[in-house]
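These notes are about the structure you will find just below.
Number of protein chains: 2
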Amino acid sequence: MTQQAKSPRRAGHGIKTPLLTVDSVLFSYHDKSLKILLVRRSSDPEKGKWGLPGGIVDIDIDDDIEATALRKLVEKTSVEPPYLDQLETIGNRGRDPRGWSVTVCYTALIAHQACAQHVSTVSDVRWVELDAALKMKLAFDHREIIGIARERQRQRALYSISSGYALAEEFTLAELQHLHELLIGKPIQKRSFRRRIEQAGLLIDTGKKRQEGGRPAALYRMKPESITHRFVRNLEAS
Amino acid sequence: MTQQAKSPRRAGHGIKTPLLTVDSVLFSYHDKSLKILLVRRSSDPEKGKWGLPGGIVDIDIDDDIEATALRKLVEKTSVEPPYLDQLETIGNRGRDPRGWSVTVCYTALIAHQACAQHVSTVSDVRWVELDAALKMKLAFDHREIIGIARERQRQRALYSISSGYALAEEFTLAELQHLHELLIGKPIQKRSFRRRIEQAGLLIDTGKKRQEGGRPAALYRMKPESITHRFVRNLEAS
DNA sequence: GCTCCTTAGTGACTATTAGACACTAAAAGA
DNA sequence: TCTTTTAGTGTCTAATAGTCACTAAGGAGC
């Protein structure tokens, strides 16, 4: 009796299709650290373990795969993230004890306070520091998926500021730079970082200031085009 | 009677899973033009129409999704491509008349002559110029998928030479440059193109020369690391 | 108010890498 | 030998990131 024979999914015309799920790596920057959202699994398999927010594609409810990702994220956070990007699809025989299964993975970004209240009221959803999550024993292959998402965000940080959607709606340039430094893993030249952003006109100056300990810092908001903008030259690679 | 109720796929534990397929956009450079491989569909739905090489994931045969992509490409070309990269996964209710379906798409590159003989012996497999393919009426959403693959290759051409795997095993710098010009859609400065490749040491000089009409050109081969290498600065965007 | 500390923001020079383009090199054919 | 063709290079310019010291604007201690 082989393992994968436990629960074959069989179509009317005789095609066995694997289980199809969606998992999202939802990043958020808070308290000067980068966190991701983890969920405690309430049912088998891997019941009780922490894993990524996601679940099975419901072809009666969801119009497309992205709809599944959003539905699951809204279930856990109560809000839709402003950034959602398909990461990679992983499918093989061994990743799920139920047999051949496929997960379509997404990277999502959100402001921490947009969902802080909802998350703090439940015990099965938690923000975990990225590096800590990568050391945890998680359900299925979710740790690998987080690693892939992190690496992709690291690469992107060299030529894009789209990761700014992980900050609060209004943020300082110092915060945006620190987030990039966390992703890249080394310090960035303040001058280079600010110059290219200003020249490309990627942020909206709210006119407001925020102060903590020194000169007040200007508060900015993301322009929508900052999601797609690519600088022609990378910051120094690590 | 609704359309998507025709053939529900239902798991042992009552989960309806969508049809799961893989499609590959296989590029190859030949006769100074960029072509992709199309296949005439031999069965319904869309029987008789041309579409991308691919098919249904067979969980009895395939160990993972990439194995399906390779298996289908070998069926049509008789060889495995040296470059295979996951592109995007598309899944929704409307793309296949059989109902909710998902396709995991790949970009593949191969030398034309590696499979020319096999392809030329069958009538249901054909190389089609990329621009022509984008004007054809193809099965399902395959034209859109080709458009996505093309755009991704265009972007990559600005900071990578991995597309060189669409050339013959040994090629001249002029050929590699022309391929990049086809992808980017505008001429490239010869000096810039060659300088960065030489400095990064991405090619192997075979020592051989090939001549056609003027001074003989040196023949090169791809180094494996040229797949992953990213130049820190893009060529001029179009 | 004055000095010092802290964080924000800028001026100005250097370094790296692509763009431009004319020049040389090596072959064939008249 | 001259012309034509394609391959390959020398060299200057332009764009953009790196470096780092400097100024700016606030608070705290005195």
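Top line first, the protein sequences correspond to chains U and S.
In terms of my numbering, the first sequence opens at residue 1 and continues consecutively.
In terms of my numbering, the second sequence opens at residue 239 and continues consecutively.
Just so you know, even glycine gets a beta-carbon here, dropped at the ideal spot from N, CA and C.
Source: prediction; values computed, not measured.
Using a Cβ-Cβ distance cut-off of 8 Å, determine whether residue i contacts chain U.
i: residue 324 of chain S; result: yes
i: residue 340 of chain S; result: yes
i: residue 348 of chain S; result: no
i: residue 386 of chain S; result: no
i: residue 294 of chain S; result: yes
i: residue 241 of chain S; result: Residue confidence for residue 241 of chain S is low, a pLDDT of 38 falling below 50, so the modelled location carries little weight; the figure read from the coordinates is stated next. It does not: the Cβ of residue 241 of chain S has no partner Cβ on chain U nearer than 8 Å.
i: residue 433 of chain S; result: no
With 8 Å as the threshold, decide whether the Cβ of residue i is near any Cβ in chain S.
i: residue 145 of chain U; result: no
i: residue 107 of chain U; result: no
i: residue 188 of chain U; result: no
i: residue 131 of chain U; result: no
So with CB distances below 7 Å, who are the chain U contacts of residue i?
i: residue 254 of chain S; result: 59
i: residue 475 of chain S; result: 232
For residue i, is the classification buried or exposed, using 16 other Cβ atoms within 10 angstroms of its Cβ as the cut-off for buried?
i: residue 239 of chain S; result: For residue 239 of chain S, the predicted model reports a pLDDT of 38, less than 50, meaning its position is unreliable and no value from the coordinates is stated.
i: residue 228 of chain U; result: exposed
i: residue 256 of chain S; result: buried
i: residue 254 of chain S; result: buried
i: residue 186 of chain U; result: exposed
i: residue 230 of chain S; result: What is shown of chain S runs 239 to 476, which leaves residue 230 of chain S out entirely.
i: residue 79 of chain U; result: exposed
i: residue 95 of chain U; result: buried
i: residue 121 of chain U; result: exposed
i: residue 62 of chain U; result: buried
i: residue 177 of chain U; result: buried
i: residue 141 of chain U; result: buried
i: residue 28 of chain U; result: buried
i: residue 336 of chain S; result: buried
i: residue 225 of chain U; result: exposed
i: residue 298 of chain S; result: exposed
i: residue 450 of chain S; result: exposed
i: residue 286 of chain S; result: exposed
i: residue 205 of chain U; result: exposed
i: residue 236 of chain U; result: exposed
i: residue 452 of chain S; result: exposed
i: residue 24 of chain U; result: buried
Which chain U residues sit within Cβ distance under 8 Å of residue i?
i: residue 303 of chain S; result: 89, 90, 91, 92, 102
Quick one: give me the first and last residue of the alpha helix (DSSP H) that residue i is part of.
i: residue 147 of chain U; result: 142-157
i: residue 76 of chain U; result: 65-77
i: residue 431 of chain S; result: 428-438
i: residue 204 of chain U; result: No alpha helix (DSSP H) contains residue 204 of chain U, which is instead part of the beta strand (DSSP E) from 203-210.
i: residue 114 of chain U; result: 112-120
i: residue 175 of chain U; result: 173-184
i: residue 368 of chain S; result: 368-371
List the endpoints of the continuous beta strand (DSSP E) containing residue i.
i: residue 236 of chain U; result: From DSSP, residue 236 of chain U is part of no beta strand (DSSP E); its letter is neither H nor E.
i: residue 457 of chain S; result: 455-460
i: residue 261 of chain S; result: 257-268
i: residue 91 of chain U; result: 83-92
i: residue 286 of chain S; result: Counting along the chain, residue 286 of chain S falls outside any beta strand (DSSP E), and DSSP gives it neither H nor E.
i: residue 464 of chain S; result: That residue, residue 464 of chain S, is in no beta strand (DSSP E); it is neither H nor E in DSSP.
i: residue 254 of chain S; result: Counting along the chain, residue 254 of chain S falls outside any beta strand (DSSP E), and DSSP gives it neither H nor E.
i: residue 102 of chain U; result: 101-109
i: residue 40 of chain U; result: 33-40
At a cut-off of 7 Å, would you count residue i as near the ligand ZN, judging by its Cβ distance to the nearest heavy atom?
i: residue 325 of chain S; result: With respect to the ligand ZN, the structure shown offers nothing to examine, as it has no ligands at all.
Practice item. Decide if the segment 334-348 of chain S is in contact with the segment 390-406 of chain S; the criterion is three or more beta carbon pairs, one per stretch, under 8 Å apart. Key: yes
Practice item. Say whether the segment 287-299 of chain S touches the segment 418-431 of chain S, bearing in mind that this needs 3 or more beta-carbon pairs closer than 8 Å, one atom from each stretch. Key: no
Practice item. Evaluate contact between the segment 280-287 of chain S and the segment 33-47 of chain U, counting only Cβ atoms and requiring at least three cross-stretch pairs below 8 Å. Key: no
Review point. On the three-pair Cβ rule with 8 Å, is the segment 364-377 of chain S touching the segment 291-310 of chain S?
Key: no
Point to revise | Sufficient close CB pairs (3 or more, under 8 Å) joining the segment 433-447 of chain S to the segment 197-215 of chain U | key: no
Point to revise | Three-pair Cβ contact test at 8 Å for the segment 305-323 of chain S versus the segment 379-388 of chain S | key: no
Point to revise | Segment contact flag, the segment 309-316 of chain S with the segment 87-95 of chain U, C-beta cutoff 8 Å, min 3 pairs | key: no
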